[in-house]
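Please read the structure below before turning to the comments.
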Amino acid sequence: AGGAYVPLDPDYPSDRLAFMLSDAQLHVILTHSQCLNTLPANQAQTVCLDTDWEFISQLSGDNPVSTVTPDHLAYVIYTSGSTGKPKGVLVNHSNVVRLFLATEQWYHFNSNDVWTLFHSYAFDFSVWELWGALLYGGRLVIVPYWISRDPKAFYRLLLQEQVTVLNQTPSAFRQLIWVDQLPEMTQVELSLRWVVFGGEALEPRSLQPWFKRHSYHTPQLVNMYGITETTVHVTYRPITWADTESRSSFIGIAIPDLQLYILDDQLQPVPISVPGQMYVGCAGTRYLHRQIPDR
-15 AGGAYVPLDP DYPSDRLAFM LSDAQLHVIL THSQCLNTLP ANQAQTVCLD
35 TDWEFISQLS GDNPVSTVTP DHLAYVIYTS GSTGKPKGVL VNHSNVVRLF
85 LATEQWYHFN SNDVWTLFHS YAFDFSVWEL WGALLYGGRL VIVPYWISRD
135 PKAFYRLLLQ EQVTVLNQTP SAFRQLIWVD QLPEMTQVEL SLRWVVFGGE
185 ALEPRSLQPW FKRHSYHTPQ LVNMYGITET TVHVTYRPIT WADTESRSSF
235 IGIAIPDLQL YILDDQLQPV PISVPGQMYV GCAGTRYLHR QIPDR
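Residues -15 to 279 (the numbering used here) are what the sequence shown spells out, left to right.
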């Protein structure tokens, strides 16, 4: 239909939801009736997908004529607000597609892959999970909230659904490693091809128990670094056993269509081994209600 989506997690604090509703000036909210009580007061039209079918059934079932171009807005995801108020990051269709085109040479995802939507759809990691599965024609397994909080149940889901692409924060994967080491799990094998880490710093040493049972390339474990403003991921680093013997957290090389710079306080490049700030050169993104693109 040409609109952009703004994900609202009903588990968010009410003041954060109220800010997002006001800031984004939403026209329509798609939800379920059980979530209505979590919504702060707003001016948007609310459509409940479970109770409004009498209204929905009166609408045309024909596909809408879309005039969307790659430059049109795809979604707005809000930052955590750790440095102040949350900021709505505007991401267009071309930036989402370029993320997968630029990493195609490494992953070779295909229609046989099975992905999980493990994370909140209001967290930018979900962009990689959701659209990765749909773009390549794969299958997406939506993980119920209670299963995402139960490592044993989640491990069983990975086995049952024969998941091949798993995206995890390192802390969540440590819980899976614990389950993987249980005696009753040593007789089963997961179908994973890729485990992609993101969302927080990786401690490679924590992966040693996993590598002692599994080959380091089946599945291949990858650490990726990025932020919402850069469309999920910026760097790529396949993890090897040698990495697990280091105390460093390796984030790897830049995705091919991005440029990375380590600069000092004067925005000058620093020598090797000298600390600095990382700057990312990429297609421009913008914050909601700001006119100048942030690069």
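All C-beta atoms, glycine included, are put in the ideal place defined by N, C-alpha and C. This structure is a prediction, so every number in the text was calculated from the model and none was measured.
According to DSSP, residues forming a beta bridge with residue i
i      : result
R123   : V98
N21    : DSSP, once it has assigned bridges, lists no residue as partnering N21.
N151   : V180
L160   : Looking at the DSSP assignment, L160 forms no beta bridge with any residue, so it has no partner.
N76    : L57
G265   : Q243
P253   : L247
Y271   : V73
Y(-11) : Y59
Distance CB(residue i)-CB(residue j) smaller than 9 Å
i    : j     : result
V125 : L101  : yes
T153 : L176  : no
P255 : Y245  : no
P188 : I223  : yes
G68  : D97   : no
T296 : I211  : Within the shown structure, residues of the chain are numbered from -15 to 279, placing residue 296 beyond reach of any answer.
F84  : W115  : yes
L242 : C266  : yes
A238 : V216  : no
W112 : N151  : yes
D164 : L191  : no
S110 : P(-3) : no
Y209 : W225  : no
L57  : L74   : yes
G72  : D7    : yes
F3   : I61   : no
A86  : P240  : yes
L174 : P203  : yes
P70  : L23   : no
Contacts around residue i, its chain only, beta-carbon distance under 8 Å, and the 5 residues preceding and following it disregarded
i    : result
V51  : Note on identity: in this sequence residue 51 is Thr, with Val being the wrong assignment. Within the same chain, T51 has close Cβ partners G(-14).
A28  : L5, L10, H11, V12 and I13
I161 : S190, L191, P193 and W194
S17  : C32, D34 and T35
Q146 : V98 and S175
Spatially closest choice to residue i from the options, by CA coordinates
i    : options                   : result
V31  : L174, T15, S64 and T170   : T15
V258 : D249, S110, V264 and C266 : D249
G260 : A25, L272 and L247        : L247
S104 : W130, M169, S199 and L141 : W130
Y220 : V180, H198, Q144 and E229 : V180
L119 : S232, S78, E38 and I239   : S78
Y91  : L23, L205 and A226        : L205
A25  : I61, E213 and D(-1)       : D(-1)
E213 : G45, L43 and Y59          : Y59
R231 : V73, A185 and Q171        : A185
Q171 : G182, H198 and F157       : H198
K196 : E229, V49 and D134        : E229
Contacts around residue i, its chain only, beta-carbon distance under 7 Å, and the 5 residues preceding and following it disregarded
i    : result
R158 : S190
L143 : V172 and L174
Same chain only: Cβ atoms within 6 Å of residue i, ignoring 5 sequence neighbours per side
i   : result
P54 : H77 and S78
Practice prompt. Starting from the N-terminal side, write out each stretch of the alpha helix (DSSP H) that is 4 residues or longer and does not extend beyond the segment 164 to 237.
Written response: Here the runs fully enclosed are 192 to 197.
Discussion item. Give the list of continuous alpha helix (DSSP H) stretches no shorter than 4 residues that lie fully inside the segment -1 to 69.
Written reply: 37 to 40
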